[in-house]
Amino acid sequence: MAERKVDDRFKKFGTVSFTSISKVNDFVDQLEQGKVMGTKCKDCGLTFFPPRADCYKCLKSNMEWFEVTGHGKLLTYSRLEYGPVGFEKDLPYAIAVVDYGGYKVFGRLAGDLPDEEIKVGMEVKTIVNKLPSGQLNYVFQKV
Ligand SMILES: [Zn+2]
Numbered sequence: 086m087a088e089r090k091v092d093d094r095f096k097k098f099g100t101v102s103f104t105s106i107s108k109v110n111d112f113v114d115q116l117e118q119g120k121v122m123g124t125k126c127k128d129c130g131l132t133f134f135p136p137r138a139d140c141y142k143c144l145k146s147n148m149e150w151f152e153v154t155g156h157g158k159l160l161t162y163s164r165l166e167y168g169p170v171g172f173e174k175d176l177p178y179a180i181a182v183v184d185y186g187g188y189k190v191f192g193r194l195a196g197d198l199p200d201e202e203i204k205v206g207m208e209v210k211t212i213v214n215k216l217p218s219g220q221l222n223y224v225f226q227k228v
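The sequence shown finishes on residue 228 if you use the working numbering, and the numbering steps up by one all the way, no holes.
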């Protein structure tokens, strides 16, 4: 019987990976290379983060990757004192939305940022982060 090969690269993402199989598994390889990537529809130009393989507007899958680079502005954030199952050891942490102009990125603020230094509107960059477990994610770092 032939061995079935499963592309489950996404299991390496995040404190708790909620899915191991996706159409955008290259995202994890790109994180391993130090790049945080989104996707852009080649037909209509819509940009997606988290990356999507399919465009809801065109109903096609004609995507290209783009790197989340440069600085974004912190739109909003929330400090979590209570975490979902699996995230308890990460507490406290802050989830945030960063505006890059043409697209927005949802993620976490870097854990070493004191509360009093977090200001809506501040400039941040998105960087790859390796968790103590060896899992990969990305965080927003103040610039
Ligand atoms: Zn499109």
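Every residue, glycine too, gets a C-beta built ideally from N, C-alpha and C.
Check whether the Cβ atoms of residue i and residue j lie closer than 9 Å to each other.
i: Thr100; j: Phe172; result: yes
i: Met139; j: Asn110; result: The sequence given here has Asp at residue 139, not Met. No. Outside cutoff.
i: Leu216; j: Val113; result: no
i: Trp150; j: Pro136; result: yes
i: Pro158; j: Val209; result: Checking the displayed sequence, the identity of residue 158 turns out to be Lys instead of Pro. Yes. Within cutoff.
i: Val205; j: Thr161; result: yes
i: Asn121; j: Glu166; result: According to the sequence as given, residue 121 is Val; it is not Asn. No, Cβ-Cβ distance for Val121 and Glu166 is not below 9 Å.
i: Gly196; j: Val228; result: no
i: Gly187; j: Thr104; result: no
What three-state label does DSSP hand residue i in the structure shown?
i: Gln226; result: strand
i: Glu152; result: strand
i: Cys143; result: coil
Just the Cα atoms here: how many angstroms apart are residue i and residue j?
i: Lys90; j: Lys96; result: 15 Å
i: Val170; j: Met148; result: 34 Å
i: Asp128; j: Lys145; result: 9 Å
i: Val182; j: Glu88; result: 42 Å
i: Ser163; j: Thr124; result: 26 Å
i: Asp184; j: Glu201; result: 21 Å
i: Tyr178; j: Gln226; result: 13 Å
i: Arg193; j: Ile212; result: 10 Å
May I ask whether a heavy atom of ligand 1 can be found less than 8 Å away from the beta carbon of residue i?
i: Lys158; result: no
i: Gly130; result: yes
i: Lys204; result: no
i: Lys145; result: yes
i: Lys108; result: no
i: Lys142; result: yes
Is any beta-carbon of chain B found at less than 9 Å from that of residue i?
i: Phe95; result: In the displayed structure, chain B is absent; only one protein chain is listed.
Exercise. Output the residue ranges of the beta strand (DSSP E) runs that lie fully inside the segment 94-136 and measure 3 residues or longer, sorted by chain position.
Key: 122-126
Self-check item: Length-filtered (3 minimum) beta strand (DSSP E) runs lying within the segment 157-221
Solution: 157-165, 178-184, 189-194, 208-215
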